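Let me begin by presenting the structure, written as structure tokens, before commenting on it.
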Amino acid sequence: MKRFNINELFKFIIMVGFTFYFYYLVLTDKLNLFINPKMVKYIIFASIFFTILTVYQFTKVFTVKTKKSVNISYILMLLTLLIGFYATQTSLNPNVANKKGINNNFSFINSKINKSNTTVKPIVESSNSIIFTDENYFKNLYDIGEDLYKKYKGTKIVIDGFIYKEDTLENDEFIIARLMMACCAADSQVIGLVCKYPDTLNLKQNTWFKVEGILDFKNNVPIILVNKLTSIPKPKNLYVYPFN
1 MKRFNINELF KFIIMVGFTF YFYYLVLTDK LNLFINPKMV KYIIFASIFF TILTVYQFTK
61 VFTVKTKKSV NISYILMLLT LLIGFYATQT SLNPNVANKK GINNNFSFIN SKINKSNTTV
121 KPIVESSNSI IFTDENYFKN LYDIGEDLYK KYKGTKIVID GFIYKEDTLE NDEFIIARLM
181 MACCAADSQV IGLVCKYPDT LNLKQNTWFK VEGILDFKNN VPIILVNKLT SIPKPKNLYV
241 YPFN
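Residues 1 to 244 (the UniProt record's numbering) make up the sequence shown, in order.
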């Protein structure tokens with residue numbers, strides 16, 4: 001009969017769990033809940049590395065049994081793993097805006113764009129409209145901020161996001177917002193544009209809409225004069241990224 005080492009077995013089970021977890025995140029695209037897509041390659045590398053470690057750990061399961069009892073740290077590692085799996089089943093709630101507040105600081109947006117060394121393309125489409133997508137969201141905000149007093153006033157704008165209200169807004173104003181992630185979920189911030197709409201009081205916080213309107217400015221801040229609101233389902237990925 002082969003020797004059996006309970007401590008090494010627990011280590012092996014933990015290694016299998018983390019290896020499976022990494023592959024699960026990669027194959028289901030749930031990594032987008034936690035990190036910027038540009039960092040996925042590092043998780044793929046970690047998955048391969050953990051696979052090698054797991055195979056090696058298996059060879060240690062049948063070594064000489066030690067007299068040490070099961071280390072409580074193994075249980076803590078398993079709990080960490082279970083929490084990780086649970087987190088992938090629950091998307092981040094836009095209620096984070098209520099805790100962090102919204103970042104309408106265009107100098108902050110400009111600094112992020114400058115750090116990315118990305119050339120910002122003109123945002124007005126051939127239809128003479130500014131159309132926000134997940135890919136161009138951050139760059140469009142940058143361009144609107146750069147040209148605060150210039151050419152975009154009066155331009156039609158189409159943008160998706162969730163409804164966010166705060167006490168500093170007028171009764172007929174709300175913010176159409178998105179969650180922005182630069183590196184990981186811990187640094188996520190809420191960004192968006194102020195909208196002026198007469199029926200704002202009937203809009204529920206954190207519900208998702210497509211906003212169509214005209215871009216204007218109020219007190220040197222861009223504002224959308226809303227012409228049309230269309231309810232939309234919550235997207236699979238709540239985040240937009242500054243370095244697409």
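Backbone N, C-alpha and C fix where the C-beta goes; we use that ideal spot for every residue, glycine too.
All of these numbers come straight from a predicted model, not from anything done at the bench.
In three-state terms, what does DSSP make of Ser188?
Coil, per DSSP.
Going by beta-carbon coordinates alone, are Met15 and Leu53 separated by less than 8 Å?
Taking 8 Å as the Cβ cut-off, Met15 and Leu53 qualify as a contacting pair.
Please look up how many angstroms separate the CB atoms of Phe50 and Phe18, rounded, as I've assumed it's under 8 Å.
Their Cβ separation, rounded to whole angstroms, is 6 Å, which keeps Phe50 and Phe18 in contact under 8 Å.
Apply the 10 Å Cβ neighbour rule to Asn227 and answer buried if 16 or more other Cβ atoms are within range, or exposed otherwise.
That one is exposed.
For Phe209, does the three-state DSSP call read helix, strand or coil?
Looking at Phe209 - three-state DSSP - the assignment turns out to be strand.
Taking the continuous beta strand (DSSP E) assigned at Asp29, which residues delimit it?
Looking at the DSSP string, Asp29 is not in any beta strand (DSSP E), and its letter there is neither H nor E.
With DSSP collapsed to three states, give me the class of Gly154.
DSSP places Gly154 in coil when its eight states are reduced to three.
Count the other CB atoms, across all protein chains shown, that sit within 10 Å of the CB of Phe132; report buried if there are 16 or more and exposed otherwise.
Burial call: buried.
Segment contact, 8 Å Cβ cut-off, at least three pairs: the stretch 40-47 with the stretch 23-32:
Contact holds between the stretch 40-47 and the stretch 23-32, because three or more Cβ pairs, one in each stretch, are under 8 Å apart.
Quick one: what's Arg178 bridged to in DSSP?
For Arg178, which the question treats as bridged, DSSP gives the partners Ile191.
Inter-residue spacing [alpha-carbon to alpha-carbon] between Leu225 and Thr88
Taking the straight line joining both Cα atoms gives about 37 Å.
Cα separation between residue 254 and Cys183?
As shown, the chain starts at 1 and ends at 244. That puts residue 254 outside it, with no answer to give.
Using DSSP's beta-bridge definition, name the partner residues of Leu229.
Paired residues: Val211.
Within the continuous alpha helix (DSSP H) that includes Ile52, where are the two ends?
Its alpha helix (DSSP H) spans residues Val40 to Phe58.
For Pro233, I'd like the list of residues in its chain whose CB is within less than 8 Å of its CB, leaving aside the five on either flank, ordered along the chain.
Trp208, listed in sequence order.
Where does Tyr239 sit, in a helix, a strand or coil, going by DSSP?
In the three-state scheme derived from DSSP, where H, G and I count as helix and E and B as strand, Tyr239 is classed as strand.
By how many angstroms is the C-alpha of Tyr74 removed from the C-alpha of Asp172?
When the Cα atoms are used, Asp172 and Tyr74 turn out to be separated by approximately 55 Å.
Thinking C-beta only, is Val240 closer than 8 Å to Met180?
In contact: Met180 and Val240 (Cβ atoms closer than 8 Å).
Decide if Asp143 is buried, meaning its Cβ has at least 16 other Cβ atoms within 10 Å, or exposed.
It is buried - the Cβ of Asp143 has at least 16 other Cβ atoms within 10 Å.
With 16 as the cutoff for other CB atoms within 10 Å, does residue 252 come out buried or exposed?
For the chain, the structure presents residues 1 to 244; residue 252 sits outside this window and is missing.
Straight-line gap, Arg163 to Leu229 (C-alpha atoms, nearest Å)
Here residue 163 turns out to be Ile, not Arg, going by the sequence shown. Cα to Cα, the separation comes out at about 11 Å.
For Pro198, which residues from the same chain have a beta carbon less than 8 Å from its beta carbon, with the 5 sequence-adjacent residues on both sides left out?
Result list for Pro198: Asp172, in chain order.
State the start and end residues of the unbroken beta strand (DSSP E) segment that holds Ile83.
Per DSSP, Ile83 belongs to no beta strand (DSSP E); it is in the alpha helix (DSSP H), Ile72 to Thr88.
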